[in-house]
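A.B. asks: Residue numbers (the working numbering): 6 to 618. Sharing a structure below in structure tokens format, with a few things to ask.
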Amino acid sequence: MCGIVAYVGEKNAIPIMIEGLKRLEYRGYDSSGLAIFDENNDVKIYKKEGKIVELERHVSHVMTKYSPTVGISHTRWATHGVVSEVNAHPFCDSEGKMALAHNGIIENYKDLKTNLIAKGYEFKSDTDTEVLVHLIHYYYQQDKDLMKSLKQALKAVEGTYGIAILHKDYPGQILSAKKGSTLILAIGNDEFFLTSDINATIKHTKKVIYLEDGDIVKLTKEGYEITNSQNILINPEISEIDWDISAIDKGKYKHFMLKEIYEQPTSVLNAFRGRLAEDLYTVRLGGLSQNYADLRNVKRIQILACGTSWHAALTGKYIIENLTRIPVDAEYASEYRYRNPIVPDDTLVFVISQSGETADTLAALKEARAKGAKVFGITNVVGSAIARETDGGVYIHAGSEVGVASTKAFTSQVTVLVLLAILLGRMRHMSPTDGLTHLEELKKLPEKIEKILTQNDHIREISKKIANSHNALYLGRGVDYPVALEGALKLKEISYIHAEGYPAAEMKHGPIALIDENMPVIAIASKDFLYDKLVSNLQEVKSRKGKIYAVANEGDTLIGTIAEEVVYVPETLPALRPILNVIPLQLIAYHVADLKGLDVDQPRNLAKSVTVE
Ligand code: G6P
Numbered sequence: 006m007c008g009i010v011a012y013v014g015e016k017n018a019i020p021i022m023i024e025g026l027k028r029l030e031y032r033g034y035d036s037s038g039l040a041i042f043d044e045n046n047d048v049k050i051y052k053k054e055g056k057i058v059e060l061e062r063h064v065s066h067v068m069t070k071y072s073p074t075v076g077i078s079h080t081r082w083a084t085h086g087v088v089s090e091v092n093a094h095p096f097c098d099s100e101g102k103m104a105l106a107h108n109g110i111i112e113n114y115k116d117l118k119t120n121l122i123a124k125g126y127e128f129k130s131d132t133d134t135e136v137l138v139h140l141i142h143y144y145y146q147q148d149k150d151l152m153k154s155l156k157q158a159l160k161a162v163e164g165t166y167g168i169a170i171l172h173k174d175y176p177g178q179i180l181s182a183k184k185g186s187t188l189i190l191a192i193g194n195d196e197f198f199l200t201s202d203i204n205a206t207i208k209h210t211k212k213v214i215y216l217e218d219g220d221i222v223k224l225t226k227e228g229y230e231i232t233n234s235q236n237i238l239i240n241p242e243i244s245e246i247d248w249d250i251s252a253i254d255k256g257k258y259k260h261f262m263l264k265e266i267y268e269q270p271t272s273v274l275n276a277f278r279g280r281l282a283e284d285l286y287t288v289r290l291g292g293l294s295q296n297y298a299d300l301r302n303v304k305r306i307q308i309l310a311c312g313t314s315w316h317a318a319l320t321g322k323y324i325i326e327n328l329t330r331i332p333v334d335a336e337y338a339s340e341y342r343y344r345n346p347i348v349p350d351d352t353l354v355f356v357i358s359q360s361g362e363t364a365d366t367l368a369a370l371k372e373a374r375a376k377g378a379k380v381f382g383i384t385n386v387v388g389s390a391i392a393r394e395t396d397g398g399v400y401i402h403a404g405s406e407v408g409v410a411s412t413k414a415f416t417s418q419v420t421v422l423v424l425l426a427i428l429l430g431r432m433r434h435m436s437p438t439d440g441l442t443h444l445e446e447l448k449k450l451p452e453k454i455e456k457i458l459t460q461n462d463h464i465r466e467i468s469k470k471i472a473n474s475h476n477a478l479y480l481g482r483g484v485d486y487p488v489a490l491e492g493a494l495k496l497k498e499i500s501y502i503h504a505e506g507y508p509a510a511e512m513k514h515g516p517i518a519l520i521d522e523n524m525p526v527i528a529i530a531s532k533d534f535l536y537d538k539l540v541s542n543l544q545e546v547k548s549r550k551g552k553i554y555a556v557a558n559e560g561d562t563l564i565g566t567i568a569e570e571v572v573y574v575p576e577t578l579p580a581l582r583p584i585l586n587v588i589p590l591q592l593i594a595y596h597v598a599d600l601k602g603l604d605v606d607q608p609r610n611l612a613k614s615v616t617v618e
């Protein structure tokens, strides 16, 4: 949600920043802007409403005119103030000497704004960010020391920020500060970058410093100086990224989402690779190994997350409870953080987040910690705020996920939750045979996913029948219920068709009133002890002329007589079913959106990392 790219070095900063912003476009794509020094060291700001390509067109003449070697840039996802050029970043001070780009939220901006207006400052935008430039300007008037002014301003500010600043009196320099919002310093050869995500800079360098809250960075092409929250000059460890640019290219695929759906045989494999301890019929999770005693003694688990990650959490509840008999609550992080949650003794809390940045999840983590709980993370982005804040955890190793609608992260999160369930189960009553059966089935998943993907053409045909609908209902039972929720979420996120997921038996308590010939019902009809009951629910749909599209198991001969269309998926153990069953639903959502000609990877109003409440 909002992204920053800043550059200092010897090359032309503009194309580097534009390309970087395009890599961060998943974080915000309603407007963007950049600031540079011109040949007189005047600060020039260029902004544009719309996608980055609009900004690129807008600055094309600047690139040919001069070649600035220092710049800051920003892509916005509107929080305060409508989408407009005026509200786009960077912002400048009243003298036009300073430019500032900000990711995060200034929570006390109203009070600060009132004070600044009383001092004579005029505001051009409706954003919270603009208070920062005026506040820094206000202090700068007093002793003309930019670093000091920045620190004074930040003391007055409540909220979160990753910021980058240019100032005419400091040509060749970028000042930056971080609190709450991710900001990374990427270190190249005689060039440096600041970025909200290494996707933007991985092409240039794999060396990065993950800045900590309270860090302030002074950056010139000669090098960087970092002071921490105690105002001490520090020399943080430089990390080396272990993947490269090819991981974030669309390759042969039309959209990132489709590519990411197709990556699942590998991403699921990567989630369990090296973690199966077949000699002991259990799993090894290195990031939790220091805490095995806690896992052994745990009496209750709370899993906190948002969006698709919350669907993984709910799936995890079914899986863990079933395999371990430990009670599990799956909670929306946004609710948990404010409802003064009860965290009994011997409770372990897990937070799930693909990005590791979601503000509500981070805040819920801190709330659980404040209650004295140990909190573990299940995250994708290495070094992310949530990954670093937890007491341990498990990376899902799904690789970079760019499509705003999460796909491979979900299946990898569920895979890790299965591993966790096996680990906890084997610490309790789960037999070696049962443990081994799960390990063996896990190993078969990549091949089974491949098999589902070969039905892509058929699924596109099914999607044509759904694409003109205004509503859709997704039904599942047991562990397939969260999968129904996830299928519905995928459809609404990218195709803008209203969709709901329901436990199939609940249909008769409301949604059945909506069923007619215009209502597609997508049913997950796994062959298990609830199958007959689900089929009865589907008969109820059929007798009201609802159109049924089913995901069912290979060899099921009955379902084809009820449903219009069926996607057959291989059978597996109940705990692993969601990983297979969700894939046709991801593909349906993808194809419906694509058939409607919509922007699959950047659906309207959504952001991939939601770093505000
Ligand atoms: C946003 C994204 C979703 C994601 C959710 C939670 O809403 O659009 O795809 O599931 O945030 O994100 P996280 O990074 O915490 O998993």
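Glycine is no exception: its CB is placed at the ideal position from the N, C-alpha and C atoms. Small disclaimer: the values here were computed from a predicted structure and weren't measured.
#1: Where do the ends of the alpha helix (DSSP H) carrying Lys-156 lie?
#2: Quick one: give me the first and last residue of the alpha helix (DSSP H) that Asn-542 is part of.
#3: Would a C-beta distance cut-off of 8 Å place Gly-492 and Ile-527 closer than the cut-off?
#4: Assess contact between the segment 61-75 and the segment 33-51, defined as three or more Cβ pairs (one per stretch) separated by less than 8 Å. Is contact present?
#5: How would you call Gly-515, buried or exposed, if buried means at least 16 neighbouring beta carbons within 10 angstroms?
#6: Does any heavy atom of the ligand G6P sit closer than 7 Å to the C-beta of Ser-314?
#7: Between Glu-135, Gly-483, Leu-458, which lies nearest to Pro-583 when the distance is taken from Cα to Cα?
#8: Does the beta-carbon of Ile-454 have 16 or more other beta-carbons within 10 angstroms, so that it is buried, or is it exposed?
#9: Hey, is Thr-366 close to the ligand G6P, as in C-beta under 7 Å from one of its heavy atoms?
#10: If I'm right that Ala-182 touches Ile-77 with Cβ under 8 Å, what's the distance once you round it to whole angstroms?
#11: Since Val-488 is in the alpha helix (DSSP H), which residue starts that stretch and which ends it?
#12: Quick one: grab the DSSP three-state call for Asn-275.
#13: What is the C-beta distance between Asn-108 and Gly-55, in whole angstroms, given that I count them as a contact (C-beta under 8 Å)?
#14: So what does Thr-232 bridge to, in DSSP terms?
#15: Can you tell me where the beta strand (DSSP E) holding Lys-470 begins and where it ends?
#16: Can you give me the start and stop residues for the beta strand (DSSP E) that Val-303 sits inside?
#17: Identify the residues that DSSP records as bridge partners of Pro-508: which are they?
#18: Taking the alpha-carbon positions, what's the Pro-508 to Val-91 distance?
#19: Given Lys-532, which residues of its chain have a CB within under 7 Å of its CB, disregarding the five upstream and five downstream residues?
#20: For the 8 Å Cβ check, are there 3 or more pairs between the segment 393-405 and the segment 421-429?
#21: Does the Cβ of Trp-248 have 16 or more other Cβ atoms within 10 Å, making it buried, or fewer, making it exposed?
#22: Throw me the rounded Cβ distance for the Leu-428 and Val-288 pair, which I believe falls under 8 Å.
#23: Checking the sheet assignment: what are the DSSP bridge partners for Ala-11?
#24: Whose C-beta lies closer than 8 Å to the C-beta of Ile-253 among residues of the same chain, with five residues either side of it excluded?
#25: With a floor of 3 residues, list each beta strand (DSSP E) that falls wholly inside the segment 372-418, ordered by position along the chain.
#26: Distance, Cα to Cα, Thr-119 vs Val-87?
#27: How would you write the range of the alpha helix (DSSP H) that Met-3 sits in, first residue to last?
#28: Going along the chain, which unbroken runs of the beta strand (DSSP E) with 3 or more residues stay wholly within the segment 563-600?
#29: Using only the alpha-carbon positions, how far apart do Lys-379 and Leu-370 sit?
#30: Measuring from the CB of Val-409, is there a heavy atom of the ligand G6P at a distance below 7 Å?
#31: With 16 as the cutoff for other CB atoms within 10 Å, does Arg-81 come out buried or exposed?
#32: Give me the Cβ distance between Pro-589 and Ile-464, rounded to the nearest whole Å; I'm assuming they're in contact under 8 Å.
#33: Taking 8 Å as the cut-off, decide whether the C-beta atoms of Pro-95 and Ala-106 are in contact.
#34: Under 7 Å from any heavy atom of the ligand G6P, does the C-beta of Glu-3 make it?
#35: Reducing DSSP to helix, strand and coil, say where Asp-98 ends up.
#36: For the alpha helix (DSSP H) containing Val-136, list its first residue and its last residue.
C.D. replies: Let's see:
#1: For the purposes of this step, residue 156 is taken as residue 151 along the sequence shown, with counting starting at 1. From DSSP, the alpha helix (DSSP H) with Lys-156 extends over 151-161.
#2: Taking the sequence shown and counting its residues from 1, one reaches residue 542 at position 537. First-last of the alpha helix (DSSP H) with Asn-542: 536-547.
#3: As a working mapping, residue 492 is identified with position 487 in the sequence shown. As a working mapping, residue 527 is identified with position 522 in the sequence shown. Yes.
#4: yes
#5: Within the sequence shown, residue 515 is the residue found at index 510, counting from 1. Classification for Gly-515: exposed.
#6: Counting from 1 along the sequence shown, the entry for residue 314 is found at position 309. Yes.
#7: Residue mapping note: residue 583 aligns to position 578 of the sequence shown, counting from 1. Of the candidates Glu-135, Gly-483, Leu-458, the one whose C-alpha sits nearest the C-alpha of Pro-583 is Gly-483.
#8: Taking the sequence shown and counting its residues from 1, one reaches residue 454 at position 449. Label assigned to Ile-454: buried.
#9: Residue 366 sits at position 361 when you count from the first residue of the sequence shown. At least one heavy atom of the ligand G6P is found less than 7 Å from the C-beta of Thr-366.
#10: Your numbering for residue 182 matches position 177 in the sequence shown. Your numbering for residue 77 matches position 72 in the sequence shown. In fact, because the Cβ distance is near 13 Å, the residues do not count as touching under 8 Å.
#11: Counted from its first residue, the sequence shown places residue 488 at position 483. Looking at the DSSP string, the run of the alpha helix (DSSP H) that includes Val-488 is 485-500.
#12: Position 270 of the sequence shown holds residue 275. In this structure, Asn-275 counts as helix in the three-state DSSP scheme.
#13: Mapped onto the sequence shown, residue 108 falls at position 103. Mapped onto the sequence shown, residue 55 falls at position 50. Not quite, the Cβ-Cβ distance comes to about 19 Å (not below 8 Å), so this is no contact.
#14: By one-based count along the sequence shown, residue 232 stands at place 227. Answer is Ile-221, Leu-238.
#15: Walking along the sequence shown from the start, residue 470 turns up at place 465. From DSSP, Lys-470 is part of no beta strand (DSSP E) but of the alpha helix (DSSP H) over 461-471.
#16: Stepping through the sequence shown from its first residue, residue 303 is reached at position 298. It is not in any beta strand (DSSP E) - Val-303 carries neither H nor E in the DSSP assignment.
#17: Here residue 508 refers to the residue found at position 503 when the sequence shown is read from its first residue. In the DSSP assignment, Pro-508 forms a beta bridge with Gly-481.
#18: Position 503 of the sequence shown, counting from 1, holds the residue named residue 508. Position 86 of the sequence shown, counting from 1, holds the residue named residue 91. The straight-line gap separating the alpha-carbon atoms of Pro-508 and Val-91 is approximately 46 Å.
#19: The residue labelled residue 532 in the question sits at position 527 within the sequence shown. Here the set comprises Asn-558, Asp-561, Glu-576.
#20: These segments touch.
#21: Against the sequence shown, residue 248 aligns to sequence position 243. Label assigned to Trp-248: exposed.
#22: Taking the sequence shown and counting its residues from 1, one reaches residue 428 at position 423. Taking the sequence shown and counting its residues from 1, one reaches residue 288 at position 283. The Cβ separation is near 5 Å, so the contact holds.
#23: In the sequence shown, residue 11 corresponds to position 6, counting from 1. For Ala-11, which the question treats as bridged, DSSP gives the partners Ile-77, Leu-199.
#24: The residue labelled residue 253 in the question sits at position 248 within the sequence shown. Cβ within range, chain order: Arg-28, Asn-204, Ile-207, Ser-405, Val-407.
#25: 379-384, 398-400
#26: On the sequence shown, position 114 is the one that residue 119 refers to. On the sequence shown, position 82 is the one that residue 87 refers to. Rounded to the nearest angstrom, the two C-alpha atoms are 20 Å apart.
#27: Because the chain in this structure spans residues 6 to 618, residue 3 falls outside the shown range and cannot be described.
#28: Whole beta strand (DSSP E) segments, 3+ residues: 570-574.
#29: Indexing the sequence shown from 1 puts residue 379 at position 374. Indexing the sequence shown from 1 puts residue 370 at position 365. Approximately 9 Å between the Cα atoms of the pair.
#30: Taking the first residue of the sequence shown as position 1, residue 409 is located at position 404. Result yes, Cβ under 7 Å from the ligand G6P.
#31: Residue 81 sits at position 76 when you count from the first residue of the sequence shown. By the 10 Å Cβ count, Arg-81 comes out buried.
#32: If you number the sequence shown from 1, residue 589 lands on position 584. If you number the sequence shown from 1, residue 464 lands on position 459. Pro-589 to Ile-464, Cβ: 6 Å. Contact.
#33: The count along the sequence shown starts at 1 and reaches residue 95 at position 90. The count along the sequence shown starts at 1 and reaches residue 106 at position 101. Result yes, Cβ atoms of Pro-95 and Ala-106 sit closer than 8 Å.
#34: Residue coverage of the chain in this structure runs from 6 to 618, which leaves residue 3 outside it and unanswerable.
#35: In the sequence shown, residue 98 corresponds to position 93, counting from 1. Asp-98: coil per DSSP, three-state reduction.
#36: For the purposes of this step, residue 136 is identified with residue 131 of the sequence shown, where counting begins at 1. Here the alpha helix (DSSP H) through Val-136 covers 135-148.
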